[in-house]
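One structure below.
Number of protein chains: 2
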Amino acid sequence: MQQLDNTFTALSDVTRRAIVARLADGEQSLSKLAEPFEMSQTAVSKHVRVLSDAGLVIVEKRGRIRHCKLDAAPMKEAIDWLKYYEAFWADKFASLTKHLAKD
Amino acid sequence: MQQLDNTFTALSDVTRRAIVARLADGEQSLSKLAEPFEMSQTAVSKHVRVLSDAGLVIVEKRGRIRHCKLDAAPMKEAIDWLKYYEAFWADKFASLTKHLAKD
DNA sequence: TTAATACTAAACCATATAGTTCAGTATTAA
DNA sequence: TTAATACTGAACTATATGGTTTAGTATTAA
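Written out as structure tokens, the structure reads:
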């Protein structure tokens with residue numbers, strides 16, 4: 357429950373989703389990760405902390421460098437929660453009539 | 357992008373997820389919806405507003421009653437976003453090959 | 001016509017979030 | 001040994017969020 361809160365909250369920010377997307381291409385140091393964003397490294401560090409608290413990113417310190425890598429496992433719970441509602445949009449006919457009813 | 361923000365934010369609260377779950381069983385008036393929660397109707401009304409702004413709930417006024425119904429469609433975008441990362445937990449081998457393929 | 005119902009709006013409060021800057025620590029390179 | 005790098009922590013700011021209460025409106029029932 358709290359895990360779902362953390363996962364959805366972590367993913368509700370566009371910067372954090374971008375961090376996740378970048379980490380899908382492989383491990384990155386925190387500073388490399390911060391480079392493309394138009395905000396301080398401290399700000400990115402805090403975003404990584406939110407992701408790390410949610411278990412979506414694992415940070416490992418080797419020397420002075422923090423290596424960040426993705427752990428998508430907590431997303432499973434979120435996707436399972438969402439999948440329950442798939443029936444409410446997946447049915448094309450239901451979806452169409454629902455759409456037409458919008459007028 | 358903003359839609360994804362809205363969807364994930366809307367679903368990051370346990371009360372709002374409970375509202376969604378109840379609406380999956382069918383349309384409900386706002387007051388009926390508010391009954392089981394240990395907070396004011398005003399608070400529930402605000403939660404419904406967040407869900408409605410995210411497009412997850414459609415509120416229709418008939419007489420003095422606001423009928424709330426689920427529209428799960430915006431969840432599709434969220435589930436699609438999450439599905440991209442399924443490979444990173446669903447299958448260790450797939451995750452590895454995906455990672456290697458990125459080079 | 002009056003009273004009850006089903007809300008919304010506004011004002012307020014406490015805490016959380018997203019950002020900043022500045023100072024400090026740990027590690028590595030020169 | 002000194003200087004640079006890669007961070008974190010603390011203090012601060014502005015705005016958002018989740019809740020409250022009070023007051024008011026629209027609709028229905030008596």
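Heads up: the protein sequence lines correspond to chains A and B, in order. Read in the numbering used here, the first sequence has 394 at position 38, and its numbers run on one by one without any break. Read in the numbering used here, the second sequence has 451 at position 95, and its numbers run on one by one without any break. The beta-carbon is built from N, C-alpha and C at its ideal position, and this holds for glycine as well. Note that the structure is predicted; figures quoted are calculated from it, not measured.
Asked                                                                                                                        : Found
Spatial distance of Asp409 of chain B from Tyr440 of chain A (CA atoms)                                                      : 21 Å
Simplified DSSP state of Glu416 of chain A, which is helix, strand or coil                                                   : strand
Touching by the beta-carbon criterion (3+ pairs, under 8 Å), the region 420-428 of chain A and the region 383-392 of chain A : yes
Contact between the region 387-400 of chain A and the region 363-378 of chain B (3+ Cβ pairs under 8 Å)                      : no
Top-ranked residue by Cα proximity to Leu438 of chain B, from A:Val404, A:Val415, A:Phe393 and A:Val376                      : A:Val376
Boundaries (first-last residue) of the beta strand (DSSP E) holding Leu426 of chain A                                        : Ile421 to Leu426
Any alpha helix (DSSP H) of 4 or more consecutive residues that is wholly inside the region 358-399 of chain A               : 358-366, 370-379 and 386-390
Nearest-angstrom Cβ-Cβ length linking Asp427 of chain B and Ile414 of chain B, presumed shorter than 8 Å                     : 5 Å
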